[in-house]
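**Q** Basically our numbering = 1-based index in the sequence shown + 13.
Just so you know, even glycine gets a beta-carbon here, dropped at the ideal spot from N, CA and C.
It should be emphasised that the depicted structure is a prediction, and the values quoted were computed from it without experimental measurement.
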Amino acid sequence: MSKVIAIVNFKGGVGKSTIANLLDLPNKLILNLDLAQDAKSINTSQTENFYQLKEEFGIESLEEAIEGAFEAGIENIVLDTPGSLDEFMEILDKVDYFIVPFATGERSIDATLNTIEIINSLLNEMSENRKDKWIVILNKYVLEDQIKDLDILYEKAKNILGNRLVGKTKLKISQVIPRIEKDKISPKELIKISPIAYGTFNKRLREMNEDIKKLIVD
14 MSKVIAIVNF KGGVGKSTIA NLLDLPNKLI LNLDLAQDAK SINTSQTENF
64 YQLKEEFGIE SLEEAIEGAF EAGIENIVLD TPGSLDEFME ILDKVDYFIV
114 PFATGERSID ATLNTIEIIN SLLNEMSENR KDKWIVILNK YVLEDQIKDL
164 DILYEKAKNI LGNRLVGKTK LKISQVIPRI EKDKISPKEL IKISPIAYGT
214 FNKRLREMNE DIKKLIVD
């Protein structure tokens, strides 16, 4: 079953594009909505820039782009969103899953909760029969005791979203990520450079993806 998955957080620097790239979902297409960023420059996954589609192929709306992707056989459309709602407000109620990466610290938690509150409030106004589900990811944490921030955010987000918040996961920081972004290689290609670096990072990544695959179901 085809799904629209939006990676959201109005706070910058939490790794939305990185998470979009590293999600291990079948037949995935990343649709970049950030005018300030060419996601093709950092993503090794198949990526389309929505604004380039508009200019080069006359795609009239984001909804049309999504319908076109499904028509072409894409199963999972991952929206790499900017720091505001402007670029994807029109299809907000068509998102099946919101994945919310955040970093450690009180300010990051507060900003992330603000993102969740705004989107949740708008969806309440837009639709009586909401289908959206939410997942939060603690991204770029360093120390094991920082995992408590994931529990703090999860409990506060649960008060806002109720049973729409279906799970949580985490991805520990790794210098592998800037390396694969800089060289524009996939994590698997890293094995040619350093089997140890690949194996260590892949274990962390696999654990995150296993958690998400249990939550994103047909």
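List the residues that DSSP assigns as beta-bridge partners of residue 180.
**A** 148, per the DSSP bridge assignment.
**Q** Can you give the beta carbon distance from residue 109 to residue 18, rounded, assuming they're within the 8 Å contact cut?
**A** So it is a contact: roughly 7 Å between Cβ atoms.
**Q** Can you name, in chain order, every residue of its own chain whose Cβ lies under 8 Å from the Cβ of residue 200, other than the five neighbours on each side?
**A** These residues qualify, in order along the chain: 35, 189, 193, 211, 214, 215 and 218.
**Q** Would you check if the distance between the CB atom of residue 72 and the CB atom of residue 40 is smaller than 7 Å?
**A** No, Cβ-Cβ distance for residue 72 and residue 40 is not below 7 Å.
**Q** Counting only the same chain and skipping the five closest in sequence on each side, list residues whose C-beta sits under 7 Å from that of residue 204.
**A** 211, listed in sequence order.
**Q** Would you kindly work out how many angstroms separate the C-alpha atoms of residue 38 and residue 119, rounded to a whole number?
**A** So the alpha carbons of these two residues sit roughly 31 Å apart.
**Q** Between residue 168 and residue 67, what straight-line distance do the alpha-carbon atoms span, to the nearest angstrom?
**A** Spanning the two alpha carbons is a distance of roughly 40 Å.
**Q** I need the boundaries of the beta strand (DSSP E) containing residue 23, first residue and last residue.
**A** Looking at the DSSP string, residue 23 is not in any beta strand (DSSP E), and its letter there is neither H nor E.
**Q** Indicate whether residue 230 and residue 152 have their beta-carbon atoms separated by less than 7 Å.
**A** No, the Cβ-Cβ distance between residue 230 and residue 152 is not below 7 Å.
**Q** Quick one, which of 223, 76 and 172 has its alpha-carbon nearest residue 100's?
**A** The residue with the shortest Cα to Cα distance from residue 100 is 76.
**Q** Whose CA, out of 202, 129 and 157, lies closest to the CA of residue 178?
**A** Here the closest residue by C-alpha is 129.
**Q** Can you tell which of 185, 95, 103 and 98 has the C-alpha that lies nearest to the C-alpha of residue 160?
**A** Measuring from the Cα of residue 160, the nearest candidate turns out to be 185.
**Q** Is it the case that the Cβ atoms of residue 149 and residue 91 are separated by a distance below 7 Å?
**A** No, the pair does not count as a contact, with Cβ atoms beyond the cut-off.
**Q** What residues in its chain sit with their C-beta under 6 Å from that of residue 126, if we drop five residues either side in the sequence?
**A** Cβ neighbours of residue 126 beyond the five flanking positions: 169.
**Q** State buried or exposed for residue 70, treating a residue as buried only when at least 16 other CB atoms are found within 10 Å of its CB.
**A** Per the 10 Å Cβ criterion, exposed.
**Q** Rounded to whole angstroms, what's the CA-CA distance from residue 137 to residue 183? Just pull it up for me.
**A** Approximately 28 Å between the Cα atoms of the pair.
**Q** Helix, strand or coil: how does DSSP classify residue 93 here?
**A** Three-state DSSP puts residue 93 in a strand.
**Q** Residue 261 by DSSP, collapsed to three states: which one?
**A** With the chain running from 14 to 231 in the structure shown, residue 261 is simply not present.
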